[in-house]
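Read the structure below first, then the notes.
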Amino acid sequence: MSSLHQSWYEAGARERIAALVDAGSFTEYVGPERRETSPHLGIFDLPAQFDDGIVVGAATVDGTPILIAAQEGRFMGGAFGEVHGAKLTGLLRAAKALNRDVVIAFDTGGVRLQEANAGEIAIAEIMRAVTEARIAGVRVVGLIGGRAGCYGGGGLIAGCCSTLIISEQGRISVTGPEVIETNKGVEEFDSRDRALVWRTMGGKHRTLIGGADLFVDDDAAAFRAAMLAALVRPAKAGSVRNASSVPFGRGERPGLDLATLDAEQDRLERRIARFGDAADATDIWRTLGIDDARAIPDMPSAAFATLAAQYRESADDAR
Amino acid sequence: MTPAEILDSLFPAGHDVTAEGDLLFGRGTSPGGRVVHVIGATARAPIGIDQAIRLSGAVLAIACSDDDAPILFLVDSASQRMSRRDELLGLSEYLAHLAKSLLLAEARGHRTIGLLYGGSAAGAFISTALACDTLVALPGAHPEVMDLASMARVTKLSIDLLEDKAKTTPVFAPGLDNLVSVGGVAEVWDPQRSLADQLATLLAAPRDHDARATLGAERQGRPKAAAIAGEVAAAARR
Amino acid sequence: MEILHFDIAAPVPAGGTRAMALVGVVASGNLEVLVERGAAADRCAIEISTAAHGFRDLWDAVVADFVGRRAAGGLRIAINDGGARPDTVSLRLAQAVRMIEEPEA
């Protein structure tokens, strides 16, 4: 590991995996040498990428085996196509069979529209595979802080993960700003107002309302540290307060269950009751008890993390 | 078919399904005497946080009950609600929670059958119809990821090009036939026949895994997904 | 897509033992270069897939320059091009050859 700062936002998928896992431990499945490219992009005379914009495989972190996937946000906006999605589906099905935790580095605009139907079904298959793995006791940890954000179906998959780690640059949303503006008008959402985008969908707001769990600097080493912390959390939400640093053994890890989703139902109902009339994120932050809500966007990460720990809505027992 | 016609054909012995805004909740009784839970998102309405949380609440109430009665999800929606408020409050979490609720109900022994009888699109489609264990449709259903005009704006491809490609390429174009071809819709029911009979046949066939990629390969709309997912899963388990 | 093939004399054999190297991404103005071994020791085989049609002469010049300057003998190179400029292509080719020569982890 280098002690030099490495921006997570700027890094590519392969660099992110290298920064997260033990040196030399990564084995890729269906890698670029296999040339399993999209069978559909050629219809539009668009160039393919040999790995279809996602890297999946196995590695160790501090000696513990995990499965890991990273999307390449620079290729087609990290969007889910047929092959891209299938690689993640296969990895998640293996995770369930092996009872092995999964780390997903998201960087995606959502469904790849040139193969929209295949991408849409792929999202549904992945959400099912994540949820079934979690029911079996597997942790699925999502990392969000790339240039493409985590939009559309990517946001839905993230919503199925057990823990989400996010940086300020990370954005989670279903409908992107441009699509809201295109469909509903600039008075509904001005996509060129970047400050509005960040405070509505960005990492700080998601952390404050409980849409993400661990807030980190835009630093690959910080993402790795948070990932390690997430991987020793109990797989079963609800017992986090008694968190043990000892990983649970195979077969001893109760997973996502009715109590988890009942708690999430309560949490999301409470959010609407508390903040449903808020016009802007700053109104929500004020309701949380943060007096100087307008200072949040420019606040340095460490100061924000301290503040968030005090005032945020937590989702520890309800995701 | 209208929701009332669909429910009458499914449950000739009667049902107590009632509307709450554009949502439906209730139960029906099959000709064989079997209770079926019904939920619905109707009238081509968008699904935002308020609709999603109401639907997930109903699904979880069914999931925690001791019966193993199937859940039938009638779907005729627009896309997810596209608004600043919904995104501000975390629509992704609400839609994911609805999907997880359906998947958990299934894991707890309830068959979950999506019946697409109208429109549905994008995130709304994924978190409702596509989160069921089996999705069936009626002729005239018109699922889509995004309409071609919006797609043209996002992809910067011309609408003429997209309309031209849409005639021959199922993989991206809107429409029921295309969703069938990629394996997203398992079967299209015949509205001239009793829907109750068709539901009974479906429920009689066991369902043990996600077969959509296999269907997509057989129907040639999604040639590679099943093989790639299978290969990755096998490699990881070696 | 336009597919271009070059199979050219490369007198200096490539160094290192890595089986493959991959650099770059397919994005506007960028390209990915996948380098593998397997061509005859004194040849370099290059296949280019590009959406920018009609630039064969330019590619010819860039790859000839590359093979003349770098130890590329025995390499099979596959390129997916997102419309990169010649200087970007040269940079990626150099990076890819350097990477396949790196000691294995």
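Residue numbers (the numbering used here), protein chains in the order written: chain A, 1 to 319; chain B, 1 to 238; chain C, 1 to 105.
We put the CB at the ideal spot given by N, CA and C, even for glycine.
Minimum Cβ-Cβ distance from residue i to chain A less than 9 Å
i	result
residue 210 of chain B	yes
residue 27 of chain C	yes
residue 71 of chain B	no
residue 50 of chain C	yes
residue 86 of chain B	yes
residue 80 of chain B	yes
residue 36 of chain C	yes
residue 214 of chain B	no
Nearest neighbour of residue i, chosen from the options [CA to CA]
i	options	result
residue 182 of chain B	B/161, B/159, B/224, B/164	B/224
residue 379 of chain A	A/163, A/118, A/136, A/256	As displayed, chain A neither begins before 1 nor continues past 319, which places residue 379 of chain A out of reach and without an answer.
residue 190 of chain A	A/255, A/177, A/105	A/177
residue 187 of chain B	B/15, B/59, B/136, B/17	B/136
residue 17 of chain A	A/100, A/224, A/200	A/224
residue 163 of chain A	A/172, A/140, A/152, A/144	A/140
residue 204 of chain A	A/92, A/281, A/222	A/281
residue 111 of chain B	B/65, B/9, B/69	B/69
residue 62 of chain B	B/37, B/83, B/18	B/37
residue 165 of chain C	C/41, C/64, C/45	What the structure shows of chain C is the stretch from 1 to 105, and residue 165 of chain C is not part of that stretch, so it cannot be assessed.
residue 221 of chain B	A/259, A/81, A/200, A/25	A/81
residue 198 of chain B	B/25, B/23, B/1, B/30	B/30
residue 230 of chain B	A/8, A/64, A/92	A/92
residue 228 of chain A	A/295, A/90, A/108, A/65	A/65
residue 72 of chain A	A/127, A/51, A/90, A/152	A/51
residue 71 of chain B	B/80, B/184, B/56	B/56
Burial state of residue i (16 or more Cβ within 10 Å)
i	result
residue 94 of chain B	buried
residue 190 of chain B	exposed
residue 14 of chain B	exposed
residue 156 of chain B	exposed
residue 186 of chain A	exposed
residue 103 of chain C	exposed
residue 24 of chain C	buried
residue 3 of chain C	exposed
residue 37 of chain A	buried
residue 117 of chain B	buried
residue 115 of chain A	buried
residue 51 of chain B	buried
residue 206 of chain B	exposed
Below-9 Å beta-carbon distance, residue i vs any chain B residue
i	result
residue 60 of chain A	no
residue 142 of chain A	no
residue 288 of chain A	no
residue 189 of chain A	yes
residue 48 of chain A	no
residue 205 of chain A	yes
residue 174 of chain A	yes
residue 209 of chain A	yes
residue 29 of chain A	yes
residue 123 of chain A	yes
residue 20 of chain A	no
Interface flag, residue i vs chain C, CB-CB below 9 Å
i	result
residue 36 of chain A	no
residue 322 of chain A	Residue 322 of chain A lies beyond the stretch modelled for chain A, which goes from 1 to 319, so this question has no answer here.
residue 91 of chain A	no
residue 107 of chain A	no
residue 42 of chain A	yes
residue 12 of chain A	yes
Residue i and residue j closer than 9 Å at C-beta
i	j	result
residue 159 of chain A	residue 167 of chain B	no
residue 97 of chain A	residue 211 of chain B	no
residue 132 of chain A	residue 53 of chain B	no
residue 121 of chain B	residue 146 of chain B	yes
residue 32 of chain B	residue 200 of chain B	yes
residue 21 of chain B	residue 58 of chain B	no
residue 168 of chain A	residue 154 of chain A	no
residue 138 of chain A	residue 156 of chain A	no
residue 66 of chain C	residue 93 of chain C	yes
residue 47 of chain A	residue 87 of chain C	no
residue 226 of chain A	residue 165 of chain A	yes
residue 284 of chain A	residue 209 of chain A	yes
residue 105 of chain A	residue 88 of chain A	no
Segments assigned alpha helix (DSSP H), at least 4 residues, entirely inside the segment 293-317 of chain A
List check, alpha helix (DSSP H) in window: 301-311.
Pick out the complete beta strand (DSSP E) segments inside the segment 113-150 of chain B, 3 residues or longer, and give them in chain order.
119-121, 134-137, 142-144
Every unbroken alpha helix (DSSP H) within the segment 28-71 of chain B, with a cutoff of 4 residues, ordered by chain:
49-64
Extract the residue ranges of the alpha helix (DSSP H) inside the segment 152-181 of chain A, only unbroken runs of 4 or more that lie entirely within it.
153-158
Tell me the start and end of each unbroken beta strand (DSSP E) in the segment 90-116 of chain B that is at least 3 residues and wholly inside, in chain order.
112-116
At 4 residues or longer, what runs of the alpha helix (DSSP H) sit wholly inside the segment 7-83 of chain A?
13-20
Which full runs of the alpha helix (DSSP H) of 4+ residues lie inside the segment 190-219 of chain A, going along the chain?
For secondary structure counted as the alpha helix (DSSP H) over 4 or more consecutive residues, the segment 190-219 of chain A holds these complete runs in sequence order: 194-201, 203-209.
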